[in-house]
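Colleague: Mind having a look at this structure? Questions to follow.
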Amino acid sequence: MSLRQDTRTGSVRRRTGGQLPLVLLLPALVGLAFLLVPLIGLLIKAPWSTLPSRLFSADIWQALRLSLLCATLATTVCLLLGIPLAWLLARASLPGRGLIRALVTVPLVLPPVVGGVALLLVLGRRGLIGERLDLWFGFSLPFTTAGVVVAEAFVAMPFLVISVEGALRAADPRYEEAAATLGAGRWLTFRRVTLPSIAPGVVAGAVLCWARALGEFGATITFAGNLPGRTTTMPLAVYLALETDPDVAVVLSLVLLLVSVVVLASLRERWISGLR
Amino acid sequence: MSLRQDTRTGSVRRRTGGQLPLVLLLPALVGLAFLLVPLIGLLIKAPWSTLPSRLFSADIWQALRLSLLCATLATTVCLLLGIPLAWLLARASLPGRGLIRALVTVPLVLPPVVGGVALLLVLGRRGLIGERLDLWFGFSLPFTTAGVVVAEAFVAMPFLVISVEGALRAADPRYEEAAATLGAGRWLTFRRVTLPSIAPGVVAGAVLCWARALGEFGATITFAGNLPGRTTTMPLAVYLALETDPDVAVVLSLVLLLVSVVVLASLRERWISGLR
Amino acid sequence: GNDSPAASSSGSSTTALSGTVNVFAAASLTGSFTQLGKDFEKAHPGVKVNFNFAGSSALAQQINQGAPADVFASAAPKNMDQVADKNTPTTFVKNTLEIAVPTGNPGKITGLKDFADKNKKIALCAVQVPCGAAADKVFKAVGITPQPDSLEQDVKAALTKVSLGEVDAALVYKTDVLSAKGKVEGIEFPEASTAVNEYPIATLTKAPNADGAKAFVDYVLSDQGKAVLTASGFDSP
Amino acid sequence: MTLYADVRVSRGAFDLSLDLTVEPGEVVALLGPNGAGKTTALRAIAGLLPVGAGRVALDDEVWDEPPRVFRTPDRRPIGVVFQDYLLFDHLSALENVAFGLRARGVEKHAARAEALRWLGAVGLASYARSRPRALSGGQAQRVALVRALATSPSVLLLDEPLAALDASTTLHVRAELGQHLNRYEGRTLLVTHDPLDAMVLADRLVIVENGRIVQQGRPTDIARRPRTDYVAQLVGLNLYRGTATNTTVALTDGGTITLAEPASGPVHVAFPPTAVSLYPEPPTGSPRNTWPAVVTGIEQHAHTVRVRLDATPTGPTTLLADITPAAVADLHLTPGQHLHATLKATEIHTYPS
Amino acid sequence: MTLYADVRVSRGAFDLSLDLTVEPGEVVALLGPNGAGKTTALRAIAGLLPVGAGRVALDDEVWDEPPRVFRTPDRRPIGVVFQDYLLFDHLSALENVAFGLRARGVEKHAARAEALRWLGAVGLASYARSRPRALSGGQAQRVALVRALATSPSVLLLDEPLAALDASTTLHVRAELGQHLNRYEGRTLLVTHDPLDAMVLADRLVIVENGRIVQQGRPTDIARRPRTDYVAQLVGLNLYRGTATNTTVALTDGGTITLAEPASGPVHVAFPPTAVSLYPEPPTGSPRNTWPAVVTGIEQHAHTVRVRLDATPTGPTTLLADITPAAVADLHLTPGQHLHATLKATEIHTYPS
Ligand SMILES: Nc1ncnc2c1ncn2[C@@H]1O[C@H](COP(=O)(O)OP(=O)(O)OP(=O)(O)O)[C@@H](O)[C@H]1O
Ligand SMILES: Nc1ncnc2c1ncn2[C@@H]1O[C@H](COP(=O)(O)OP(=O)(O)OP(=O)(O)O)[C@@H](O)[C@H]1O
Ligand SMILES: [Mg+2]
Ligand SMILES: [Mg+2]
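Residue numbers (the working numbering), protein chains in the order written: chain E, 1 to 276; chain U, 1001 to 1276; chain Y, 2001 to 2237; chain L, 3001 to 3353; chain C, 4001 to 4353.
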């Protein structure tokens, strides 16, 4: 496998010795610049001289750890629930599939604060379900780290579901047919044939999901509140820093960005090549 | 083509007469419930008795029109710039591709308010580029409808790029090879072979992008301000309503949701079947 | 009565005002300023008031980045200080804290001392935002260490948690309790006077419409303006 | 348990209507021109395409009977070789073959060992770890073949299983396949273009044109009584069973044939009717087989004449010869006439059976 | 302009090293067993796989020469038929065929008209609007074939272009292909398993085993002087050009052959060496062709003996016959011996050339 990979990369390398079409290259570079130039703005604005001292705040690292933990847990929840949901939308014959698919995007469109309120209405102490949870198990989600995970998962799941559904629709269903004739039920077919073939789409969805969860602010603060060490993630820290000292906010944002870029840059290349 | 479509649907319909694996169905339904139950919370909370009178405010429709317009324009910008960027990431041999890919996710991770600040730092009237724009063309982005589009596009583009890249990676490159042997350059191959084959992924990305743009709040209010009729989109109106009358905020959110669900439910089914 | 000021202020205006006045105002002023704007427009036909409501710090950022603002009304002196190109600010209203509890007071909150009770669910504003800073001052003054479950990003977020019954109590402004009448109950406490929040307003030196800006600030500071503001629960300075 | 397949399917303008049965242990070959509906029929039996009307059943176990019954492919004990292979790209050749075994609950190590055995049987043991895209066309098809065979299905459906193989591999794989099908107690439906494959491997031929069966029966029967010129041309082949000892085959129905290449054990012996020459007197020359024969029938085809003969006792019971009308005139051929038939040993193909 | 291809590629454990040239108007067939590297060579010439070392060039126009030169496939004037077709699923058959023309700047309507003409030439005009997935395997391959032919490329690369076709279609498509290749002024490289296709269509054969050329040359030369048993078996075929009038073919190199089926105009005539029988005396029987012949060589192969003969003046100049060793002993065969060779007219295949 590794050999084959080598030959392929080699081939790609020589291939692109040829010219890239400007009509694609130009907008691609404009797009890249558009996404990156604001980052440069932040970098220029950053208080480099006082940076080291500002970084020695324990709060930053606590918030960062919590952010990474919650985003990862939320992504896991999204993968576990979202991939089956995407599969249902793409492969099963549902009545009103179009409507369900559109409803899945609801958390995307909902302003995050309203999303947080909606979660409170359902899972809060006085919420539809939350009241039962509190009564029967003495357990309540708001103001806990679990609450952060729930809020992030709620906001981030549509990204996963829609990406994965797109990947499923683009996949060739005849391989699933072949698996069926070999006696594989839908679950086995899904696990061993469908999933590996849509792996790039799943990875893309998981990245979107993780990044969105990492940057999530409105729903988290509304649903889970803001208590350092328990529910204060980086975006919350950034927001509050912005109120008093915008420089600190910039530093915090850059730390968050740096960590996420490092994680994604190291992880994705491995996933992408490993799963194909 | 329509005939083929028919036979296929027919086949799927009979096929799923068989049992769905619980191990997939159960998490799918849990996931669906997770995404939809908060919506039910909102619906219960909505002030149904006074709803009609509240809906007769011209401001709502103005904000809604503006939201739809800006989200659609932002999605168009994202498609034009993002698809080439995704193609560059998936197909060209870039040095440091992994890093670039991770950097593309920056606007996702950046808390939107910080994103807005970063945009101001670059494109504001005193910003790196904005100052030149103002000086040379007397043209400034913040506090204009164009500014809203820019802010939304900045926040939403990573969704498109990453979805489309995932789709490109899952696509079989041998069809592109076949196109090349027929004399098609990269641009033609891209347009006529690659793009149609990843259409479901592009649609998924565009949906994510549009929905994210529609719900965008933090970057918009920071970069473009909150000027009714010019930059007050629905999420901003919701924010202001939360300040004065939370019930109105719920109504506004529901209007936003309803419209987006209707648009997506009617549009996507057509796209999905039309493009395959 | 909002009709009477129209006549008197039109009399006070010396030159005929025109154009638009861009007012950047703290989000907590949304209700009262919207009303004020309408009244002002009535008093000065031909003038249009455009509001940009957002958090005070975001507004300060925007103004510093060259936003075309004529007037800035901040929810805290601190954010006003961040703005460089401004004329001398004036405090136009004050706001005092109050304990907000859900209707019926299910947490049986009686006073500030309950904020130290670990078994009660408590929300406060974060110290970085004005209401949090004020609350901090109050607790320092009375010597109570509060045990909050959440430090909210702004006062409305704290209020939302109360109105949904998520917390037993929160420290918010009087104006907020008033705006959420029916869903929350206010409990006044004497120490509130130790931390009064002042709202400054100022015209900006680079205002595109300096005359309009001045007229609007004058209108806010006039009796008619005060009447609208006090109706929303603000105290006069 | 017999496989009953009354398959009626419409696909666009194309309309298929076949009624087939396959007995246990029987191999039925579906022959027909491109676009005749062979693949469509196979897909319907596999359950990949629900029949529009009709019935598919394994004895009283109904698989498909609209509108009520439909059993999904994974609950049909089938094995399918697809015309375009459909190997799983992300699995190695070995894992591809082991897939069906694993799906049917075979334990991992046992499944891999069994899969390796199968790969070895088609000469691909050394490619066990290769990905399908690293295989050549013929290698890929052999992997697809053993992937379907490995699960020992009750019904085996093969779509052109030998099409992408080169001549020398075909011989080997055909023999392997033939041996397996002989041992195999299930029902086999074989779609093929190659009449030789069909006649050697199948017990019964079903010839399809344009979605309809035009003729069916035992290969020898069809070869002897082709209903149309198309069928005559397609299946015109002298085919016998016998037991080989060195270069001599004792035919099961009596008579012997001399081969060019030595063989041993039970074999199929095949040669085209064009390979048989007829002489009024026994010639002495290179042909190793010369039998006295009696003309039993003469049929005019497009440009040739097919002569049916009895070559007992020294040769095969019945024998077909294709000769030109000019030769018929020269020899004054009439039924009942006594002649000598010659056949070159090098013209004979033998296949282990 | 000659195509020079010195192709050296490593793919995993497999290692290919071929040196080929194809002249304008020439058709070179690449024959070899599965996994010999035929497809790999073809991909390297097409530019889908850069060569590891070596050089690919069309006269002085260098296409690939590591490490400096590499021309992408779209800038090589080529047409490729892939072993697994690779038709674009989202385009109709017509649009697939028109694709290459459009890519080369032909105006839309003209491209479609031309594409429709090509589809008509392979009998698929009525499938113009079908999607590839709605085509049968054979139909799909024919669409792939005309898609590559439609652009009139300078170099045509065909990977098993006739493999998925049924017998009757093959005949038709092979004739079509042959006619086109004759008219075609470019260079053709044809990968095939079928020696008959190779010998009928190609001017020169290149036989590859295990990534190396084992023999190359004109089909008749290779057939006459096979270097290995494998090659002998693969290409053992008597092949002649001639002009047919009714059932008689006047061979270009002298002599005549009698056919079973009437033909006219320039033709290829082919029959296997196994079809030729040898007699000490001229026999009188059904075979339409009996020529006096002289033994010019005898070669022992695995189980058969290949006899080279001169059958002038009435028959072909040179003639191959495969007979058994027993027959050789019977006839006391020695070079220079005079004999009579017979050939049944029904054993002869003719192809328009
Ligand atoms: N999905 C489909 N929609 C419409 N028509 C179809 C579809 N699939 C197949 N057909 C048509 O049905 C006919 C039979 O196709 P099928 O694949 O069964 O032929 P086949 O006998 O297997 O041919 P081949 O030997 O070339 O593989 C063809 O004319 C084909 O065009
Ligand atoms: N990407 C690859 N990586 C590693 N090995 C490969 C790769 N592609 C092909 N091979 C190996 O190279 C050899 C030649 O393959 P190729 O496809 O050229 O054979 P072929 O002559 O076309 O055979 P066939 O007639 O079966 O199509 C095979 O052994 C194959 O396993
Ligand atoms: Mg078929
Ligand atoms: Mg090949």
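Backbone N, C-alpha and C define an ideal beta-carbon position, used for all residues, glycine too.
What residues from chain L crowd round H4303 (chain C), counting only those whose CB sits closer than 8 Å?
Modeller: The contacting residues are A3260, E3261 and P3262.
Colleague: Report the option in U:P1173, U:I1060, U:E1152 and U:P1021 whose CA atom is closest to the CA atom of L1079 (chain U).
Modeller: Checking every option, the nearest Cα to that of L1079 (chain U) belongs to U:E1152.
Colleague: Would you mind telling me which residues of chain C sit closer than 8 Å to Q3083 (chain L), beta carbon to beta carbon, in chain order?
Modeller: The contacting residues are G4137 and A4164.
Colleague: How would you write the range of the beta strand (DSSP E) that T3192 (chain L) sits in, first residue to last?
Modeller: R3187 to T3192
Colleague: Beta-carbon of L1257 (chain U) versus every beta-carbon of chain Y: anything under 9 Å?
Modeller: no
Colleague: Rounding to the nearest angstrom, what Cα-Cα distance links R65 (chain E) and L256 (chain E) in this structure?
Modeller: 10 Å
Colleague: From the beta carbon of L3201 (chain L), is the nearest beta carbon of chain C less than 9 Å away?
Modeller: With respect to chain C, the C-beta atom of L3201 (chain L) has no partner C-beta closer than 9 Å.
Colleague: Please tell me whether, using a cut-off of 8 Å, the distance from the CB of T4039 (chain C) to the nearest non-hydrogen atom of ligand 4 is below it.
Modeller: Yes; taking the cut-off as 8 Å, the Cβ of T4039 (chain C) has a heavy atom of ligand 4 nearer than that.
Colleague: Just mark L135 (chain E) as buried or exposed, buried being the case when its beta carbon has 16 or more other beta carbons within 10 Å.
Modeller: Burial call: exposed.
Colleague: Looking at ligand 4, does it come within less than 8 Å of S3136 (chain L), judged from the CB to the closest heavy atom?
Modeller: Flag set: Cβ of S3136 (chain L) near ligand 4.
Colleague: With DSSP run on the structure shown, which of helix, strand or coil describes E131 (chain E)?
Modeller: helix
Colleague: Measuring straight from C-alpha to C-alpha, what distance separates A4293 (chain C) and Y4240 (chain C)?
Modeller: Near 17 Å, if we compare the C-alpha coordinates of Y4240 (chain C) and A4293 (chain C).
Colleague: Could you check the C-alpha separation between E4185 (chain C) and A265 (chain E) for me, to the nearest Å?
Modeller: 52 Å
Colleague: Given a cut-off of 9 Å on the beta-carbon distance, is the pair P3316 (chain L) and G3217 (chain L) in contact?
Modeller: no
Colleague: Within 10 angstroms of the Cβ of I4045 (chain C), are there 16 or more other Cβ atoms? Answer buried if so, exposed if not.
Modeller: buried
Colleague: Considering only their Cβ atoms, is the gap separating A3275 (chain L) from T4039 (chain C) smaller than 9 Å?
Modeller: No, they are not a contact pair.
Colleague: What's the C-alpha gap between R1186 (chain U) and L4049 (chain C)?
Modeller: Cα to Cα, R1186 (chain U) sits roughly 16 Å from L4049 (chain C).
Colleague: Can you tell me which of U:L1026, U:P1158 and U:I1040 puts its alpha carbon nearest to the alpha carbon of L208 (chain E)?
Modeller: U:P1158
Colleague: Short check: CB of P2130 (chain Y) to CB of A2084 (chain Y), under 9 Å?
Modeller: no
Colleague: By a C-beta neighbour count over all protein chains shown, 10 Å radius and 16 as the cutoff for buried, is I198 (chain E) buried or exposed?
Modeller: Burial call: buried.
Colleague: Within 9 Å (strictly less), CB to CB, does P4033 (chain C) reach chain L?
Modeller: yes
Colleague: Pick helix, strand or coil for V3267 (chain L), following the three-state DSSP scheme.
Modeller: strand
Colleague: Determine the DSSP secondary structure at L258 (chain E), reduced to helix, strand or coil.
Modeller: In this structure, L258 (chain E) counts as helix in the three-state DSSP scheme.
Colleague: So, with DSSP's three-state summary, where would you put E2041 (chain Y)?
Modeller: helix
Colleague: In the region 4172–4231 of chain C, which residue ranges form an unbroken alpha helix (DSSP H) of at least 4 residues, counting only runs that do not cross its ends?
Modeller: Runs of the alpha helix (DSSP H) inside the region 4172–4231 of chain C: 4195–4201 and 4219–4224.
Colleague: Could you give the distance in angstroms between the alpha-carbon of D172 (chain E) and the alpha-carbon of V3267 (chain L)?
Modeller: 43 Å
Colleague: For a test of the three-state rule: what should DSSP assign to G1274 (chain U), helix, strand or coil?
Modeller: Caution is warranted here: a pLDDT of 41 is assigned to G1274 (chain U), below 50, making its placement in the model unreliable, and the coordinate value is therefore given only provisionally. Looking at G1274 (chain U) - three-state DSSP - the assignment turns out to be helix.
Colleague: Output, in chain order, the set of chain U residues within a Cβ distance shorter than 8 Å of P4073 (chain C).
Modeller: E1177, A1180 and T1181
Colleague: Would you mind working out which of Y:K2038, Y:P2190 and Y:S2163 sits nearest K2183 (chain Y), comparing C-alpha positions?
Modeller: Y:S2163
Colleague: What residues from chain U crowd round S2179 (chain Y), counting only those whose CB sits closer than 7 Å?
Modeller: T1244
Colleague: Give the C-beta separation of G1115 (chain U) and A1219 (chain U) to the nearest angstrom, bearing in mind that I take them to be a contact with Cβ-Cβ under 8 Å.
Modeller: 4 Å
Colleague: Taking Cβ to Cβ, would you say G1166 (chain U) is nearer than 9 Å to A204 (chain E)?
Modeller: yes
Colleague: So if DSSP puts D3064 (chain L) in a beta bridge, which residue, or which two residues, is it bridged to?
Modeller: L:V3056 and L:F3070
Colleague: Does G2165 (chain Y) get closer than 9 Å to chain E when you measure Cβ to Cβ?
Modeller: yes
Colleague: Give me the subset of the region 3021–3048 of chain L whose CB atoms are less than 9 Å from a CB atom of chain E, sorted by chain position.
Modeller: R3043, A3046, G3047 and L3048
Colleague: Is it buried or exposed, E1177 (chain U), if we count other Cβ atoms within 10 angstroms and call 16 or more buried?
Modeller: buried
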